[in-house]
Amino acid sequence: MQDVRYDELTASQRKAVFHVEGPLLVLAGPGSGKTRVITCRIAALIDSGVRPYNICAITFTNRAAEEMRQRAASYGAAGGAHISTFHSLCVRVLRKYAGAMAATGSPIRSNFSIYDDSDQGRCIRGAVKQCELDTKNFSPGRCLAAISALKNRLVDADAFAEEADDFFSKTLAKIYRRYQSILNENNALDFDDLLMETALLLENNPQVRGELNNRFRFLLVDEYQDTNHAQYRIARALASEHNNICVTGDPDQSIYRWRGADIGNILAFEKDWPDAAVVKLEDNFRSTPNILNLADKLIAFNKQRKEKRLVATRQAGEDVSVNVLEDEEEEAAAVAMQIKELSEHGSSLNGIAVFYRTNAMSRPLEEAFIREKIPYQVVRGVEFYNRKEIRDMLAYLKVLANTSDEVSLLRIINTPARGIGKTTIERIRSYAAAQGISFYVALGRVGQIDSLGNGPKAKVAVFASMIKQFEQDIEGPVASLTERVLVESGMQKYLQSGDVKEESALENIDALISAAAEYDKRSEEPSLVDYLQEISLFSDTDSYDVSSERVALMTLHAAKGLEFENVFIIGLEEGILPHERSTSSPEELEEERRLFFVGITRAKDRLWISYSWYRTFHGQFLRTIQSPFLYEIGAEVRDVMDDEDEDDDFEDTGGAVPKFIVGELVGHKSFGLGRVQEYTDMGENSVVVVKFNTGQTKTLMVKYAKLLKMQSPQ
DNA sequence: GTAGTTGTGGTTTTT
DNA sequence: CCACAACTAC
């Protein structure tokens with residue numbers, strides 16, 4: 009193997025790298041050279057005579073997969089090894105074995121569509137409606153979350169119907185069933201189906217499992233702490249014959265519990281694989297001890313964890329700054345100023361990142377950066393693919409690839425407007441239902457739909473023949489087909505006309521066509537189905553360009569796996585970090601803490617943490633409370649405004665703050681009357697939870713809230 | 001059938 | 001505060 013510097017590895021890294029046969033657990037702290045260990049290990053496996061073809065490495069994000077591919081390639085070890093995310097692997101497996109699955113009654117065909125949350129939303133709304141239920145009690149979000157959790161546990165609709173014993177579960181079971189049959193009718197799978205179907209296929213079909221066991225003799229799973237139960241079962245099945253399973257991860261960096269990740273998978277690995285070798289990577293080569301110290305202090309507050317040390321190998325550096333600003337704009341301005349200074353002192357912009365809890369928090373930063381002319385890139389989830397024009401174009405392509413995909417078909421049948429309205433659609437629909445044919449097939453027989461007048465009939469016929477025309481190009485390159493659709497569907501004309509506000513719409517579609525062209529070039533066997541299935545699993549996060557000279561702005565979740573010389577983490581406030589929706593259980597709070605931990609440990613040299621006194625929240629300008637995590641890291645907060653000639657319109661209470669009793673009636677200048685729900689006496693920093701008559705419950709800091717005592721408690 | 005308007009509900013993180 | 005759905009007016 010070329011260029012592999014095995015001699016630069018530490019003793020424990022070597023142990024992991026040169027482990028060949030049998031299960032292996034690598035507990036890798038942040039900055040411990042985990043990626044390097046994994047890629048070196050792939051190289052070492054090949055050195056020891058393993059064929060690359062027999063290696064399967066699974067990562068969590070496409071970006072991580074791409075990075076690993078490149079690193080492996082630089083060792084000359086790329087060819088043949090399968091490196092992808094769980095989801096991509098599942099798509100390939102399902103597409104390949106769809107035929108075999110059909111024999112056992114599976115409705116999935118290999119050209120299935122993959123539905124994202126917005127498609128799912130349409131399906132679930134349809135399902136709830138069909139069950140004649142009130143969407144208030146069974147909101148789409150709630151239902152989808154519940155179904156997702158079930159799928160993660162590999163509980164299908166029938167199994168759930170059997171276990172359901174109360175009203176809610178029974179109703180949910182009905183919805184689940186309807187939802188799933190809608191997906192089936194559309195020949196579509198949602199993200200969770202990809203995992204569940206693959207897991208079930210592997211477990212129930214010995215022949216398929218045998219083939220894959222034979223192919224993937226060495227399995228690597230990265231970020232194992234974030235695998236959910238379905239992924240766990242897939243990994244277990246894949247490794248069932250050879251036992252050559254190597255998992256890497258860090259329980260302290262598990263941040264996807266909300267998505268079903270089960271930290272128990274990594275904690276119980278040694279139970280699942282009793283003869284597992286365990287390697288702990290505790291040396292940290294990334295951060296200064298100043299930064300690590302903070303991370304260590306913070307994570308020690310978590311109760312559910314495996315004790316693990318963070319051993320600094322670097323020399324002491326600069327202290328971590330914790331600043332408080334007036335509001336989110338001042339906070340953004342302060343970050344921008346600091347970045348300017350760094351830049352002027354020679355720091356490169358691609359070594360700088362700003363992390364925040366929610367995507368919405370990027371706005372003030374972007375405004376400040378534009379003002380200060382600081383180049384930046386926002387690394388955001390699915391922004392690009394969520395654009396209307398992109399979704400429309402993709403809907404055309406999806407229909408061509410999978411004519412059963414009614415959700416996509418309904419999206420484009422009147423986009424751009426071609427006079428096919430609700431009534432026409434409903435009539436075609438009932439015709440299709442009566443005849444027992446799909447909506448698409450019904451379009452082709454529009455002449456026979458007696459309920460339609462001649463006008464609508466003609467319009468539908470034009471649309472149907474247009475789609476037929478496109479279908480002739482289905483085998484060719486994806487880019488030229490996309491271009492053809494753009495022109496002939498009328499989308500181009502529609503977007504050029506003055507009615508559309510978004511100038512950038514056509515540019516975005518151009519970007520889509522370029523991406524398709526790149527796919528055509530890169531892919532060994534380009535096909536529309538393959539292309540669509542691939543990009544369904546792609547997000548903007550994956551296209552983050554590490555090398556471009558721009559400051560990176562991203563959520564703490566997106567920061568996982570990255571590192572930067574200079575890191576800013578903003579919004580250290582109660583309700584934001586920890587997030588207000590994650591405070592109902594200790595487990596959730598611990599996950600928020602891990603999220604902060606992940607953010608801190610991305611920093612190599614310098615770290616700035618900040619929060620602001622006020623923040624606009626749900627459109628309201630509100631006083632904030634600093635995050636409890638700041639106490640935990642023992643932060644000495646510097647009030648940046650106090651350093652200047654600051655007028656503080658909140659007079660000092662001199663530390664003498666009033667005390668409250670639960671049940672006490674209080675008044676607030678903007679929320680009105682309310683009753684004390686909880687009171688935590690922390691002297692000057694006492695916190696009170698008040699339920700106001702408006703119905704909202706607020707956590708307030710006594711020092712600032714200026715609550716009026718209305719009367720003595722009963 | 002369509003476009004514009006009002007109302008309502010949901011509002012974290014991502015494959 | 002935003003997106004989408006239902007409603008209303010053409």
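Numbered by the working numbering, the letters in the first sequence go through residues 9 to 722 in order. Just so you know, even glycine gets a beta-carbon here, dropped at the ideal spot from N, CA and C. Since we're looking at a predicted model, the values are computed, not measured.
Query, Result
"Bounding residues of the beta strand (DSSP E) (the contiguous stretch that carries Ala361)", "360–364"
"Span separating the alpha-carbon of Ala52 from that of Gln215", "30 Å"
"Alpha-carbon to alpha-carbon, Met499 and Gln477", "16 Å"
"Backbone CA spacing between Ala243 and Ala340 [nearest angstrom]", "43 Å"
"Residue of Asn251, Ala320, Ile669, Ile122 minimising C-alpha distance to Ala409", "Ile122"
"Top-ranked residue by Cα proximity to Thr18, from Val287, Asp125, Val28", "Val287"
"Uninterrupted alpha helix (DSSP H) stretches inside the stretch 42–76 (no shorter than 4 residues)", "42–55"
"Simplified DSSP assignment, three categories, for Cys98", "helix"
"Supposed contact pair Cys139 and Arg186 - C-beta distance, whole angstroms, cut 8 Å", "6 Å"
"Thr235 in three-state terms, based on DSSP", "coil"
"Inter-residue spacing [alpha-carbon to alpha-carbon] between Asn160 and Ala238", "5 Å"
"Test item: CB-CB of Val697 and Gln685 under 8 Å", "yes"
"Per-residue DSSP class, three states only, for Ser329", "strand"
"Cβ pair Ile271, Phe605 closer than 8 Å", "no"
"With 16 other Cβ atoms within 10 Å as the buried cut-off, status of Thr609", "buried"
"Contact set for Val508: own chain, Cβ-Cβ below 8 Å, skip 5 residues either direction", "No answer about Val508 holds up, because its pLDDT of 48 lies below 50 and its placement is not dependable."
"Closest residue to Gln628 among Asp553, Ala523, Asp335 (Cα-Cα distance)", "Asp335"
"Phe277 versus Gly484: straight-line alpha-carbon distance, rounded", "47 Å"
"Of the residues Ile347, Ser505, Phe199, Glu29, the one placed nearest Ser56, counting alpha carbons only", "Glu29"
"Euclidean distance between Cα positions of Thr423 and Asp260", "48 Å"
"Distance CB(Leu580)-CB(Gln634) smaller than 8 Å", "yes"
"Assigned secondary structure, Phe120 (DSSP; H/G/I helix, E/B strand, else coil)", "coil"
"Top-ranked residue by Cα proximity to Leu302, from Phe668, Arg614, Pro666", "Arg614"
"Cα-Cα separation, Ala342 to Ile378", "14 Å"
"Same chain only: Cβ atoms within 6 Å of Asp304, ignoring 5 sequence neighbours per side", "Leu318"
"From Gly113, Asn194, Asn119, residue whose alpha carbon lies closest to that of Gly134", "Asn194"
"Beta-carbon separation (whole angstroms), Glu599 vs Ser590, contact threshold 8 Å", "7 Å"
"Same chain, Cβ closer than 7 Å to Thr624, five either side skipped, listed in chain order", "Glu336"
"Val541 burial status per 10 Å Cβ neighbour count (16 or more: buried)", "Note on identity: in this sequence residue 541 is Gln, with Val being the wrong assignment. Buried: at least 16 other Cβ atoms inside 10 Å."
"Contacts around Tyr14, its chain only, beta-carbon distance under 6 Å, and the 5 residues preceding and following it disregarded", "none"
"Local Cβ density within 10 Å of Pro31, reported as buried at 16 or more and exposed below that", "buried"
"Identity of the residues DSSP links to Leu673 by a beta bridge", "Arg683"
"Tyr539 - partner residues in DSSP beta bridges", "Answer by DSSP bridge pairing: none, since Tyr539 is not bridged."
"Nearest candidate by alpha-carbon position, reference Gln233, set Asn221, Glu249, Arg265", "Arg265"
"Contact set for Val229: own chain, Cβ-Cβ below 6 Å, skip 5 residues either direction", "Ile66, Ala243, Val255"
"Contact set for Ala344: own chain, Cβ-Cβ below 7 Å, skip 5 residues either direction", "Ala376, Phe377, Glu380, Ile382"
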